[in-house]
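Numbering (the working numbering), first residue to last: 1344 to 1541. Step one of this worksheet: look at the structure below.
What follows is the structure, encoded as structure tokens:
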């Protein structure tokens, strides 16, 4: 799936090398926003092979529990985006997370990639709701949901262990009914607005 120079596609095992290199070269840019494990720092992203993680992500995809994408710009891999915690039953929802190479930030790549992913989740997976949870200090990521016009749902206190501590996150969401047509069309026609938060 693509829109202009930006694309997303399912992650492949052979993407491991370029993703590892991007994670290593973006340590300072990404570490404040990366998940950590309480009482156990775990491996530093990019310093271990991603092939086992990619294998797990693809297994979750085959089981219908997640959709792991790479983000591309002019055909080159520049980041990663995942839909996780896909729920069926009475919920039909997923959470989206993403990261991008710092050298490519500010080019509207991430909002476009997220819009493409949400369209895929609504149309191809059939979900009703997609949410994105963001640390309130992460101004770059907050701009993504603002550009997309996602609805603010509230603050989740001490929600995810990030960068060595439990961190609050602001929750944003969109339902299929809130985005008739497509999220990509919504992104392309939205005028810049102020954040939809109190």
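Glycine residues also receive a C-beta, built at the ideal position from the N, C-alpha and C atoms.
With contact defined as three or more Cβ pairs closer than 8 Å, the segment 1518 to 1536 and the segment 1489 to 1506 are in contact. About 14 Å separates the beta carbon of residue 1439 from that of residue 1413, a gap too long to meet the 8 Å contact definition. In this structure, the alpha-carbon of residue 1516 lies about 10 Å from that of residue 1497.
Annotated as distal: residue 1428 and residue 1526, with beta-carbon spacing of 8 Å or more. If you ignore the 5 residues before and after residue 1369, its C-beta comes within less than 7 Å of the C-beta of 1444, 1445, all in its own chain and listed in chain order. For residue 1381, the CB contacts under 7 Å within the same chain, skipping 5 residues up- and downstream, are 1504 in chain order. Sequence-distant Cβ neighbours of residue 1507 in its own chain, meaning closer than 7 Å and more than five residues away, are 1379. Residue nearest to residue 1483 within the set 1398, 1465, 1502, 1451 is 1451 (criterion: CA-CA distance). The Cβ atoms of residue 1469 and residue 1415 lie no closer than 8 Å to each other. DSSP lists 1383 as the bridge partner or partners of residue 1380.
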